[in-house]
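Colleague: Quick one: structure below, then a few questions.
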Amino acid sequence: MENTYKNPFSEYNANVMDNNMILEYWSNPFSFVEFGLTEKEVFSDPNPIVFMGGRGTGKTMFLRYCSYDVQKKLLSRDHTDTTNKLLNGAGFYIRIDGPILRSFEGFGVSDEKWLVIFTHYFELYIARAYLAYFHSLEKDTKIDVKFTKKFFEDCSALLTGSITSLPDLSEMISFVDSKITEINLFRSQIPLKNIEFESEFIYNSQYLIFGIADVFKKNILEVPEDFKFVLMIDEYENFLELQQRLINTLLKFVKPGITFRLGMRLEGFRTYDTISTDDFIKEGRDYRNIIFEEYLIKSSGYSKYLRDIANKRLSKIECFVQNNLTDIADFLGEKEDLVLEAIEIVGIKHEKIFSHYSIDNKDDKKLLTCIENPLLQVLNCLWFKRGKTSKEINSAMKAYLIGAADPNLSKYKMDYVDKYKLSLMFIIATIYKKDKSYYSFNTFSYLSSGIVGHFIELCRRCFQYAEFENKKTLIESGNIPKHLQSNASRDLAETELQQIRRIEKFGNKLYFFALNLGDTFKRYHRDILIRYPETNQFSVDKTLLTTSTKDAFEAAQRWSIIQRKQKTQQQSIGKKKNDIFILNRVFAPIFQFSYRTRGGFSEEYNSSEITALMEKEGIEFRLEKTRVKQITKNNSQTELGF
Amino acid sequence: MSNNTRSPKLSLPSEADLINQIRLTSEIVWEKKLDKSHITEWLTNFKGEVFKKSYEDQLALWLLANFVFYNENEVKHLCKMLYSDFIHKLIVEQDVANSIDINYKKILGRSRFYSLGQPGESSSYILYLFRQQNEIPLKKFISRLDNLDQTVDTIIFVDDVTLSTGEKSQAAKYIRQLKENNPSLKTKRILLLTFIATDDAIDYLQSENIEVVTCIILDKRHKCFEEDSMVFSYFNEHLENAKKFATHYGNIVKPANPLGHNDGQFLFGFYYNTPDNTLPIFWAEENNWIPIRKRYHKNYQNKLLNIGKYI
Numbered sequence: 001m002e003n004t005y006k007n008p009f010s011e012y013n014a015n016v017m018d019n020n021m022i023l024e025y026w027s028n029p030f031s032f033v034e035f036g037l038t039e040k041e042v043f044s045d046p047n048p049i050v051f052m053g054g055r056g057t058g059k060t061m062f063l064r065y066c067s068y069d070v071q072k073k074l075l076s077r078d079h080t081d082t083t084n085k086l087l088n089g090a091g092f093y094i095r096i097d098g099p100i101l102r103s104f105e106g107f108g109v110s111d112e113k114w115l116v117i118f119t120h121y122f123e124l125y126i127a128r129a130y131l132a133y134f135h136s137l138e139k140d141t142k143i144d145v146k147f148t149k150k151f152f153e154d155c156s157a158l159l160t161g162s163i164t165s166l167p168d169l170s171e172m173i174s175f176v177d178s179k180i181t182e183i184n185l186f187r188s189q190i191p192l193k194n195i196e197f198e199s200e201f202i203y204n205s206q207y208l209i210f211g212i213a214d215v216f217k218k219n220i221l222e223v224p225e226d227f228k229f230v231l232m233i234d235e236y237e238n239f240l241e242l243q244q245r246l247i248n249t250l251l252k253f254v255k256p257g258i259t260f261r262l263g264m265r266l267e268g269f270r271t272y273d274t275i276s277t278d279d280f281i282k283e284g285r286d287y288r289n290i291i292f293e294e295y296l297i298k299s300s301g302y303s304k305y306l307r308d309i310a311n312k313r314l315s316k317i318e319c320f321v322q323n324n325l326t327d328i329a330d331f332l333g334e335k336e337d338l339v340l341e342a343i344e345i346v347g348i349k350h351e352k353i354f355s356h357y358s359i360d361n362k363d364d365k366k367l368l369t370c371i372e373n374p375l376l377q378v379l380n381c382l383w384f385k386r387g388k389t390s391k392e393i394n395s396a397m398k399a400y401l402i403g404a405a406d407p408n409l410s411k412y413k414m415d416y417v418d419k420y421k422l423s424l425m426f427i428i429a430t431i432y433k434k435d436k437s438y439y440s441f442n443t444f445s446y447l448s449s450g451i452v453g454h455f456i457e458l459c460r461r462c463f464q465y466a467e468f469e470n471k472k473t474l475i476e477s478g479n480i481p482k483h484l485q486s487n488a489s490r491d492l493a494e495t496e497l498q499q500i501r502r503i504e505k506f507g508n509k510l511y512f513f514a515l516n517l518g519d520t521f522k523r524y525h526r527d528i529l530i531r532y533p534e535t536n537q538f539s540v541d542k543t544l545l546t547t548s549t550k551d552a553f554e555a556a557q558r559w560s561i562i563q564r565k566q567k568t569q570q571q572s573i574g575k576k577k578n579d580i581f582i583l584n585r586v587f588a589p590i591f592q593f594s595y596r597t598r599g600g601f602s603e604e605y606n607s608s609e610i611t612a613l614m615e616k617e618g619i620e621f622r623l624e625k626t627r628v629k630q631i632t633k634n635n636s637q638t639e640l641g642f
Numbered sequence: 643m644s645n646n647t648r649s650p651k652l653s654l655p656s657e658a659d660l661i662n663q664i665r666l667t668s669e670i671v672w673e674k675k676l677d678k679s680h681i682t683e684w685l686t687n688f689k690g691e692v693f694k695k696s697y698e699d700q701l702a703l704w705l706l707a708n709f710v711f712y713n714e715n716e717v718k719h720l721c722k723m724l725y726s727d728f729i730h731k732l733i734v735e736q737d738v739a740n741s742i743d744i745n746y747k748k749i750l751g752r753s754r755f756y757s758l759g760q761p762g763e764s765s766s767y768i769l770y771l772f773r774q775q776n777e778i779p780l781k782k783f784i785s786r787l788d789n790l791d792q793t794v795d796t797i798i799f800v801d802d803v804t805l806s807t808g809e810k811s812q813a814a815k816y817i818r819q820l821k822e823n824n825p826s827l828k829t830k831r832i833l834l835l836t837f838i839a840t841d842d843a844i845d846y847l848q849s850e851n852i853e854v855v856t857c858i859i860l861d862k863r864h865k866c867f868e869e870d871s872m873v874f875s876y877f878n879e880h881l882e883n884a885k886k887f888a889t890h891y892g893n894i895v896k897p898a899n900p901l902g903h904n905d906g907q908f909l910f911g912f913y914y915n916t917p918d919n920t921l922p923i924f925w926a927e928e929n930n931w932i933p934i935r936k937r938y939h940k941n942y943q944n945k946l947l948n949i950g951k952y953i
């Protein structure tokens, strides 16, 4: 049975998956997450839609799944009868590699000329996709589509000006290929030779992209009324500014029956301008913007979506199916057990907690001790420091533990269960100089921070650890020990942190930004008074950032080092609303901060502080400079002043 | 435990870090042929007889982390590289750059491949992979040397490693014997294509009129405990301790060659076998030693071992 084992999470890059794998691993996010649009609208909405998200959020998988090639395979796999039917549209997945896009600039050729050459290239590129699609329809005997003589004549006329020069689709495809080759040859020679681009035909923007679509709809009787060509352009951030202006123009002047879906990183628009100097595209008016991460992070369906992705992969591994281990929680556990984790750290050394809170009195200590749950003992110390008597605390604790009545029970329970439980765990880790562990399906869902790729990578590393440790146990029992899960989450955090330095532009600045933010949040989590529980977010008014800092800040967003919370929030109670950002939670295991994000307090930064955070030295940690007001009886946490 | 343990200033990476490093290598290079239970079992061989048990484990893991394992894909790649180096050598010699295709066919037409050693030895296995990977016609491989075509002027042997010199050179010994049995071989050009060779072995075979084409040349730096050893280039303070440790345990399993055949001191192995020039603490089985990479010895006697298990 061991022979059928393979790490279920070892393949996850949608760029290199073939169409069969896309189908095999596909999990429909619309089934779990509310994106603000329906699955149907992805095809039917005539307005362009922009899908933004960091690396690994599932944009490519999503766009590729919507492409005609994969949809056709899906219908065939599910034995849906496609006889005599055209689908209501055809989606074309378009991804042009960055180096190719970047080769359309420089070498003494003016921007104007490059724009003409790229426009010509892009028209041909899309025309090639259309023609390949028609060709596949023509060959598909199940679909009753009659390509009339007029269709071929009109297509030929569009491409060459003559209605007879290209009599069939194979000829047309060869013609387009030869034109693309002319451009490719020019691109490869221009760095070395002083040459001019020459071609018998040069196509203007929209000429083929809208023209061929129009010919198809006009001349093919079987085309449904609402048929749409959906051009799905991925990695839009790689397009140069001039190239984006060209495509932005297409977005703005989109024609009926043809529309665009763009996949890009956050802040992936280099420009909102169009070719026309006095016009630009605007969200809402010209396109809809769907930010994957923001929807995924906040959605309660996100963890269900992840579970579905994971379980699909597990169900492909025969030995797991045989052992009935096809739920990811069988391997990772559903949720972490904080009490057990605390007991394991504290052992019999309960006294240490008191010494950290400077509680010396024997009687107090006796009343505040809680052997069976060290988290409660820390909470007791915290209450004691906030002015409650040890007797009051002991009574509330006992009431909570045995279910008796007590005037403070409700607050005690709320503080423990709803407010501080995780923070108390961080305090225990701090007091005992241990790292908090990051394990369980629930924790991994949070750690992935809305990035599906992170979740898959966390799982992959866990399974790799477990296989190395004991493959037989993994296959037979499924259980992956929490220390291995924690190692895996830390490994990924380290890898992601180190990779920041490799980012071509602002790499070092972004690295220090992550490091300084992480360090700041770590200190909040080590504050034994828990003045600001689980603080891992900050607010900034981006419009006030200097240009260079803003560029670096946006790069941090583009690379998902920081993530914007979906709605602007008050930085803190009583303060004005601003954009709130979190440090990607995948880094939490390094800095030992919370894997989840709560509302409440945010660090507030101005432009110069953001600039300083991108330097090695960072900025001074504010909480250490604050003074806690004299504690009086009955004052609560919110009454503490600084 | 010895009392004269030196305490190097720079510590080796911790046991946990080394195991983690080996884990990563295990997934990519070892193709999961190595797991923690194997390693833990192997470490039980080291009983703290030279240094503290924990330090011995660290030394053993450091050596294991530096062990170069050639998996199946890499061996196939070596087959391709070797063939390409061989063709390149002959084409360069003939100065035929303008008509490479024709001359390639001519060269191949006059050459035959032959196994270095008896059927069943590693050379036969390598020869099979070599033919497959380079799509060489089957008729270019011969099993007899006594009825060679008159046009054939080059005999090519293929093997995985050639590391020893002099009397210990198995390749030289075998080819010498072949020449005695087949006098026509004396007038042929002899080439040995080998994945890995030492510079000394190449020189020695050259003196025996055997030309060597190889992908990887090993020199003193590749010997684990030489002064310039690459394994200890950073942690050189541990070199003497590691040698002492490997010699002590090597003596338990291979007293004649505690650091490998012909004092090899090498740290590498293939997915199908481990050369005996590699440190025996990795592959030996004598005296209840638990190997981490088993070596399949040649059984030159006519004994059928453990036949009972098949009956």
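Going down the list, the sequences are from chains P and S.
According to the numbering used here, the first sequence is numbered sequentially starting from 1.
According to the numbering used here, the second sequence is numbered sequentially starting from 643.
Glycine included, every Cβ here is placed at the ideal spot set by N, Cα and C.
Which same chain residues end up closer than 6 Å to P/Glu11 when comparing Cβ atoms and leaving out the 5 residues on each side of it in sequence?
Modeller: Around P/Glu11: no qualifying Cβ.
Colleague: Which residue's Cα is closest to the Cα of S/Val873: S/Phe693, S/Ile664 and S/Trp704?
Modeller: Checking every option, the nearest Cα to that of S/Val873 belongs to S/Trp704.
Colleague: Using the Cα positions of P/Pro8 and P/Ile317, report the straight-line distance between them to the nearest angstrom.
Modeller: Each residue's alpha carbon lies about 7 Å from the other.
Colleague: Considering only residues of the same chain and omitting the five flanking positions on each side of P/Ser602, which have a CB-CB separation below 6 Å?
Modeller: Within the same chain, P/Ser602 has close Cβ partners Gln537, Phe538, Ser539, Gln571 and Ile580.
Colleague: Taking DSSP as the reference, what is the three-state secondary structure of S/Lys865?
Modeller: It is coil, neither helix nor strand.
Colleague: Assign P/Gly89 to one of three DSSP states: helix, strand, or coil.
Modeller: P/Gly89: strand per DSSP, three-state reduction.
Colleague: Given P/Asn84, which residues of its chain have a CB within under 6 Å of its CB, disregarding the five upstream and five downstream residues?
Modeller: Only weak support exists for where P/Asn84 lies, its pLDDT of 49 falling under 50; the value from the coordinates is given anyway. These residues qualify, in order along the chain: Asp144.
Colleague: P/Asn15 by DSSP, collapsed to three states: which one?
Modeller: The answer is coil: DSSP assigns P/Asn15 none of H, G, I, E or B.
Colleague: Classify P/Val321 as buried or exposed, calling it buried when 16 or more other Cβ atoms lie within 10 Å of its own Cβ.
Modeller: Flag for P/Val321 reads exposed.
Colleague: Quick one: which chain C residues come within Cβ less than 8 Å of P/Asn3?
Modeller: Of the protein chains in the structure, P and S, none is chain C.
Colleague: Helix, strand or coil for P/Glu336, going by three-state DSSP, please let me know.
Modeller: Looking at P/Glu336 - three-state DSSP - the assignment turns out to be coil, as it is neither helix nor strand.
Colleague: Just the chain P side, please: which residues come within less than 7 Å of S/Ser679 by C-beta, in chain order?
Modeller: Asn470, listed in chain order.
Colleague: Kindly indicate if chain P contains any beta-carbon less than 8 Å away from that of S/Glu714.
Modeller: No, no contact with chain P.
Colleague: Would you tell me roughly how many angstroms separate the C-alpha atoms of S/Thr840 and S/Leu780, rounded to the nearest one?
Modeller: Cα-Cα distance, rounded: 30 Å.
Colleague: Starting from S/Ala839, trace the beta strand (DSSP E) both ways and give me its first and last residue.
Modeller: That run of the beta strand (DSSP E) goes Arg831 to Thr840.
Colleague: Considering only their Cβ atoms, is the gap separating P/Met264 from P/Gly91 smaller than 8 Å?
Modeller: No, these two residues do not count as a Cβ contact at 8 Å.
Colleague: Along the chain, where does the beta strand (DSSP E) that runs through S/Asn715 open and close?
Modeller: That residue, S/Asn715, is in no beta strand (DSSP E); its alpha helix (DSSP H) goes Glu714 to Gln736.
Colleague: Answer with yes or no whether the minimum CB distance from S/Arg935 to chain P is below 8 Å.
Modeller: So, not an interface residue.
Colleague: Roughly how many whole angstroms lie between the Cα atoms of S/Asp842 and S/His903?
Modeller: Going from the Cα of S/Asp842 to the Cα of S/His903 covers about 15 Å.
Colleague: Taking 8 Å as the limit between beta carbons, can you name the residues of its chain near P/Thr181, skipping five residues before and five after?
Modeller: For P/Thr181, where only same-chain residues beyond five positions count, there are no Cβ hits under 8 Å.
Colleague: Quick check: is any heavy atom of the ligand COA less than 7 Å from the C-beta of P/Gly54?
Modeller: Ligands displayed in this structure: none; no statement on the ligand COA is therefore possible.
Colleague: Just list the alpha helix (DSSP H) runs in the stretch 763-831 of chain S, keeping only unbroken ones of 4 residues or longer that don't cross its boundaries, in chain order.
Modeller: 764-776 and 812-823, all fully within the stretch 763-831 of chain S.
Colleague: Starting from P/Glu604, follow its DSSP beta bridges and name the residues at the other end.
Modeller: For P/Glu604, which the question treats as bridged, DSSP gives the partners P/Ser539.
Colleague: For S/Asp801, is the classification buried or exposed, using 16 other Cβ atoms within 10 angstroms of its Cβ as the cut-off for buried?
Modeller: Buried, by the Cβ-count rule.
Colleague: From what residue to what residue does the alpha helix (DSSP H) around P/Asn442 run?
Modeller: First-last of the alpha helix (DSSP H) with P/Asn442: Phe441 to Leu447.
Colleague: Under 7 Å, CB to CB, which of the residues in the stretch 647-663 of chain S have a partner in chain P?
Modeller: From the stretch 647-663 of chain S, no residue has a Cβ closer than 7 Å to chain P.
Colleague: Please list the partners that P/Gln71 has in chain S, where partner means a Cβ-to-Cβ separation under 9 Å.
Modeller: What P/Gln71 touches in chain S: nothing, since even the nearest Cβ is about 35 Å away.
Colleague: With respect to the alpha helix (DSSP H) encompassing S/Glu683, which residues constitute its N-terminal and C-terminal limits?
Modeller: Taken as a continuous stretch (DSSP letters only), the alpha helix (DSSP H) holding S/Glu683 covers Lys678 to Leu685.
Colleague: Cβ closer than 8 Å: which chain P residues qualify as neighbours of S/Ser668?
Modeller: Per Cβ cutoff of 8 Å: Phe468.
Colleague: Using a Cβ cut-off of 8 Å, pull out every chain S residue sitting near P/Gln464, in sequence order please.
Modeller: Here the neighbours are Arg665 and Glu669.
Colleague: Taking all protein chains shown into account, do 16 or more other C-beta atoms lie within 10 angstroms of the C-beta of S/Tyr926, making it buried, or fewer, making it exposed?
Modeller: Checking the sequence, you will find Ala at residue 926 of chain S rather than Tyr. It is buried - the Cβ of S/Ala926 has at least 16 other Cβ atoms within 10 Å.
Colleague: Using a Cβ-Cβ cutoff of less than 6 Å, which residues in the same chain neighbour P/Val50 once the five nearest sequence positions on both sides are dropped?
Modeller: Once the five neighbours on either side are set aside, the close Cβ partners of P/Val50 are Leu262, Tyr287 and Asn289.
Colleague: CB-CB under 7 Å to P/Ile281, same chain, minus the five flanking residues each way: which ones, in chain order?
Modeller: Excluding positions up to five away in sequence, the list reads Asn248, Leu251, Lys252, Tyr272, Thr274 and Tyr287.
Colleague: Which residues share a DSSP beta bridge with S/Phe688?
Modeller: The partner list for S/Phe688 (beta bridge, DSSP) is empty, contrary to what the question assumes.
Colleague: Any idea what DSSP makes of P/Asn408, helix, strand or coil?
Modeller: It is coil, neither helix nor strand.
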